[in-house]
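Take a look at the structure below.
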Amino acid sequence: MAGLETDSRRFAAQGRKRLSPPGYIGRFAPSPTGPLHFGSLVAAVGSYLDARTHGGKWLLRMEDLDEPRCSQPHADEILRLLEAYGFEWDGEVLYQSKRKEHYQAALDQLVENGHAYPCACTRKEIADSSISGVEGPVYPGTCRDGLHGRAARAWRVRVNDVPICFEDRQQGRHCQNLQDDIGDFVIKRADNYFAYQLAVVVDDAEQGITDVVRGADLLTSTPRQIHLQKLLGCKTPEYLHLPVVLNEAGQKLSKQTMAAPLETGDAGSALIAALGFLGMDPPIDLSNASGAEILGWARIK
Ligand code: GLU
Numbered sequence: 305m306a307g308l309e310t311d312s313r314r315f316a317a318q319g320r321k322r323l324s325p326p327g328y329i330g331r332f333a334p335s336p337t338g339p340l341h342f343g344s345l346v347a348a349v350g351s352y353l354d355a356r357t358h359g360g361k362w363l364l365r366m367e368d369l370d371e372p373r374c375s376q377p378h379a380d381e382i383l384r385l386l387e388a389y390g391f392e393w394d395g396e397v398l399y400q401s402k403r404k405e406h407y408q409a410a411l412d413q414l415v416e417n418g419h420a421y422p423c424a425c426t427r428k429e430i431a432d433s434s435i436s437g438v439e440g441p442v443y444p445g446t447c448r449d450g451l452h453g454r455a456a457r458a459w460r461v462r463v464n465d466v467p468i469c470f471e472d473r474q475q476g477r478h479c480q481n482l483q484d485d486i487g488d489f490v491i492k493r494a495d496n497y498f499a500y501q502l503a504v505v506v507d508d509a510e511q512g513i514t515d516v517v518r519g520a521d522l523l524t525s526t527p528r529q530i531h532l533q534k535l536l537g538c539k540t541p542e543y544l545h546l547p548v549v550l551n552e553a554g555q556k557l558s559k560q561t562m563a564a565p566l567e568t569g570d571a572g573s574a575l576i577a578a579l580g581f582l583g584m585d586p587p588i589d590l591s592n593a594s595g596a597e598i599l600g601w602a603r604i605k
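First residue of the sequence shown: 305, per the numbering used here; consecutive thereafter.
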């Protein structure tokens, strides 16, 4: 592999390598609602290479909280595919569906400290009475001061009228005013499932995640997660949001947009395409190599 110098390895080489981070712990956190597609592979490759390049750990977490949409067979299929592609994760896989008491404890803590409150509003009521924000209607605060005799459906966390800013390692500085852009947001849903925003904060903290590398579709979720980290007394990790893979119609690849599932036999071509997407330029002779060899090439020593 002589001569494969790093100048074209844009993702890892353009100054985004952190200076000797102590005890780097990264993660990949797929939702097992279906097979992995190319967009999820880019997140897996990006988070894996960043962790290994920093001599860190790479943990796997199944974000299977939304039980009607997730399944163990999908989770098993994801693990088989990652293995076939040469990924090696550290420790046991964490399943969010088995950790509800941890999310409940975080909710209890927020309620006790006056940061969370029950909400009786339906989606329709909110849509009818609110302005639109970065991700749909901004919650107008109807139940902030009480339920007014109505039954609780969901739980929300209070937000403030102050910008929350962070330096993303890939996207630069990003700020959001949660009050203007989002409103008090749901942390336990009306169908009784804990919301992604709460679970991800609890798990990133308990797993000691120092660096989150994931798709930029989650950039606008990060200020909500930082807000919860502050309220729960958790450290804020470093963030690196990777460019999102779009299909020809300009839509994000997903189950809803019918993204093609990855096949276990396509490790070489899919990994090389993922490295290309991340701005690296793998040599042609790598196309016959195994997944582990390709990932080994891409790792900056
Ligand atoms: N489970 C999320 C997804 O599959 C990723 C969450 C995260 O990385 O924070 O899109």
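Using N, Cα and C, we set each Cβ at its ideal position, and we do this for glycine too.
Heavy atom of ligand 1 within 7 Å of residue i beta-carbon
| i | result |
| --- | --- |
| Leu398 | no |
| Leu522 | yes |
| Val504 | yes |
| Arg477 | no |
| Ala333 | yes |
| Arg518 | yes |
| Glu371 | no |
| Glu381 | no |
| Glu439 | no |
| Glu367 | yes |
Proximity below 8 Å, CB of residue i to CB of residue j
| i | j | result |
| --- | --- | --- |
| Gly572 | Ala593 | yes |
| Arg448 | Asp488 | yes |
| Leu575 | Val349 | yes |
| Ala420 | Val506 | no |
| Ala578 | His341 | no |
| Val343 | Lys556 | With the sequence shown as reference, residue 343 is identified as Gly, and Val is not the correct amino acid for it. Yes, Cβ-Cβ distance for Gly343 and Lys556 is below 8 Å. |
| Leu369 | Tyr497 | yes |
| Lys539 | Ala499 | no |
| Glu371 | Pro334 | no |
| Gln560 | Arg528 | no |
| Trp362 | Asp394 | yes |
| Asp441 | Ala455 | In the sequence as presented, Asp is not what sits at residue 441; that position holds Pro. No, they are not a contact pair. |
| Arg331 | Arg373 | no |
For residue i, the nearest candidate out of the options (CA to CA)
| i | options | result |
| --- | --- | --- |
| Ile329 | Leu353, Lys534, Leu599 | Leu353 |
| Val466 | Asp495, Glu597, His531, Glu371 | His531 |
| Gln408 | Tyr443, Ile491, Gln533, Gly418 | Ile491 |
| His406 | Gln511, Glu567, Leu599 | Gln511 |
| Asn551 | His378, Phe581, Gln529, Cys374 | Phe581 |
| Ser468 | Trp459, Gln483, Arg454, Val461 | The question names Ser, but residue 468 is Ile in the sequence shown. The shortest C-alpha separation from Ile468 is found at Gln483. |
| Gly445 | Arg454, Ala455, Leu599, Val461 | Val461 |
| Pro336 | Leu385, Arg356, Ala553, Val415 | Leu385 |
| Val504 | Tyr399, Ser351, Val442 | Tyr399 |
| Gly327 | Thr357, Gly338, Val548, Gly440 | Thr357 |
| Ile435 | Asp485, Gly418, Thr514, Pro547 | Asp485 |
| Lys428 | Tyr443, Val438, Met562, Ala379 | Tyr443 |
| Val415 | Ala347, Gly583, Tyr389, Trp459 | Trp459 |
| Pro377 | Leu345, Gly338, Phe391, Ala388 | Gly338 |
| Glu387 | Asp515, Ser375, Leu345 | Leu345 |
| Ala355 | Ile513, Asp495, Glu396 | Ile513 |
| Gly390 | Met562, Pro587, Gly595 | Gly595 |
Those residues which DSSP pairs with residue i across a bridge
| i | result |
| --- | --- |
| Phe489 | Val461 |
| His545 | Arg518 |
| Val438 | Gly440 |
| Asn481 | Pro467 |
| Cys538 | Cys538 is not bridged to any residue. |
| Glu330 | Before going on, a small fix: residue 330 reads as Gly here, not Glu. In the DSSP output, where bridge partners are listed per residue, Gly330 has Trp362. |
| Tyr421 | Arg460 |
| Tyr407 | Bridge partners of Tyr407: none, in fact. |
| His341 | Pro565 |
| Leu398 | Arg365 |
| Gly476 | Asp472 |
| Lys559 | Answer is none; Lys559 lacks a bridge partner. |
*asked:* Measuring CB atoms only, is the segment 463-479 touching the segment 528-547, in the sense that at least three cross pairs come out at less than 8 Å?
replied: yes
*Could you say if the segment 411-427 and the segment 514-521 meet the contact criterion of at least three C-beta pairs nearer than 8 Å?*
no
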